[in-house]
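Take a look at the structure set out below.
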Ligand code: AP5
């Protein structure tokens with residue numbers, strides 16, 4: 049553990065205030081589901097801050113494993129490069145581990161998981177063991193035709209996960225992160241060709257997950273084609289009801 053005497057007073061006070069604010073928030077366990085580019089990663093940090101949840105994005109975790117060339121990353125790379133899904137066992141393992149983090153104490157946002165019905169069933173089993181359950185599934189419903197422009201125009205700040213778009217959310221200086229001044233990158237799978245196969249995986253393997261949760265009455269449909277602020281407002285309405 050870091051020596052608290054070495055932490056600047058302002059940082060300590062900010063963290064203390066954050067924890068006080070968080071203590072009055074209800075616990076929430078959320079799933080964000082939608083095709084590539086539908087806005088899950090854009091809305092997640094906003095929900096995370098509002099409800100003090102941890103943000104678990106399997107895509108980000110897998111990309112970190114690929115970059116670090118861990119055994120998991122080596123196994124995942126080929127499927128990810130082709131826009132196919134990584135095996136259920138690999139992703140279930142990383143989610144099971146990640147949900148134990150102290151930052152998930154008040155609940156979590158699952159972004160990009162579960163993506164198959166098997167993953168959804170395994171998640172139910174994991175939560176049942178903890179006496180917990182998912183509260184809401186936010187379905188980022190959107191027409192495929194909009195997604196190519198969103199995906200090919202996306203730029204990312206890798207260490208923070210901040211996302212920009214050349215047209216819809218441009219950085220102040222092209223190619224540079226607004227906060228740190230560091231360079232932005234484009235994801236290897238953010239091409240029109242790989243998007244086709246990612247969308248095919250979504251319709252074939254992930255849409256049945258929406259049906260799985262609809263039958264349990266847990267799905268809230270969002271109009272994900274609207275501008276980001278309007279989507280945020282819809283999310284807030286759903287989560288405060
Ligand atoms: P992953 O990283 O999860 O990618 P994805 O689901 O394809 O989702 P994206 O990150 O592309 O889209 P997003 O909805 O977050 O969009 P964003 O908000 O950035 O998965 C990658 C790969 O990992 C998979 O293909 C698979 O191989 C593997 N994988 C991951 N999880 C797995 C699992 N559970 N099982 C098996 N394999 C797994 O928005 C996109 C752009 O649009 C941005 O530039 C943004 O600024 C802009 N934008 C956002 N909202 C709006 C708006 N409302 N209006 C205009 N522009 C907007």
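Numbering (my numbering), first residue to last: 49 to 289. Just so it is clear, CB atoms sit at the ideal spot from N, CA and C, and this is done for glycine as well. Small disclaimer: the values here were computed from a predicted structure and weren't measured.
- The criterion of a C-beta distance shorter than 7 Å is satisfied by residue 188 and residue 272.
- Within the same chain, and ignoring the five residues on either side of residue 140 in sequence, the residues whose Cβ sits closer than 7 Å to its Cβ are 167 and 170.
- Not one heavy atom of ligand 1 is found less than 6 Å from the C-beta of residue 170.
- At a cut-off of 3 residues, the continuous stretches assigned as beta strand (DSSP E) that sit fully inside the segment 149-188 are 155-159.
- If you draw a straight line from the Cα of residue 196 to the Cα of residue 242, it comes to about 10 Å.
- A residue is called buried when at least 16 other Cβ atoms come within 10 angstroms of its Cβ; residue 225 meets this threshold and is buried.
- Annotated as distal: residue 76 and residue 172, with beta-carbon spacing of 7 Å or more.
- Its chain contains 139, 142, 143, 160 and 161 as the residues whose beta carbon lies nearer than 7 Å to that of residue 106, once the 5 sequence neighbours on both sides are disregarded; these appear in chain order.
- Counting the other CB atoms within 10 Å of its CB gives residue 65 a total below 16, which places it among the exposed residues.
- Following the DSSP letters along the chain, one finds residue 285 inside the alpha helix (DSSP H) bounded by residues 276-288.
- Annotation: the continuous alpha helix (DSSP H) that includes residue 260 extends over 255-262.
- Leaving aside the five residues that flank residue 103 on each side, the residues in its chain whose CB is nearer than 7 Å to its CB run, in chain order, 92, 93, 96, 157 and 159.
- Exclusion of residue 240 from the 6 Å shell around ligand 1 follows from its C-beta lying no nearer than that to any non-hydrogen atom of the ligand.
- Residue 90: member of the alpha helix (DSSP H) spanning 88-99, first to last residue.
- A residue is called buried once 16 or more other Cβ atoms fall within 10 Å of its Cβ, and residue 58, having fewer, is exposed.
- Going by beta carbons, residue 237 and residue 87 fall outside the 7 Å limit.
- In the assembly as shown, residue 82 is a buried residue. Its beta-carbon has 16 or more other beta-carbons within 10 Å.
- For residue 104, the uninterrupted beta strand (DSSP E) run begins and ends at 102-105, by DSSP.
- If you look at residue 202, you'll find it in the beta strand (DSSP E) that goes 202-204.
- Contact between residue 239 and residue 200 holds: their C-beta atoms lie close to 7 Å from each other, under 8 Å.
- Residue 134 places its beta carbon 7 Å or farther from that of residue 146.
- In terms of side-chain proximity, the C-beta atom of residue 270 is found no nearer than 6 Å to any non-hydrogen atom of ligand 1.
- Taking the CA atoms as reference points, residue 72 sits about 17 Å from residue 150.
- Contact annotation: residue 260 and residue 114 have beta-carbon atoms that are not nearer than 7 Å.
- Here residue 214 has 201 as same chain residues with Cβ atoms under 6 Å from its own Cβ, once five neighbours each way along the sequence are excluded.
- Cβ contact annotation for residue 244 (same chain, cutoff 8 Å, sequence separation greater than five): 131, in chain order.
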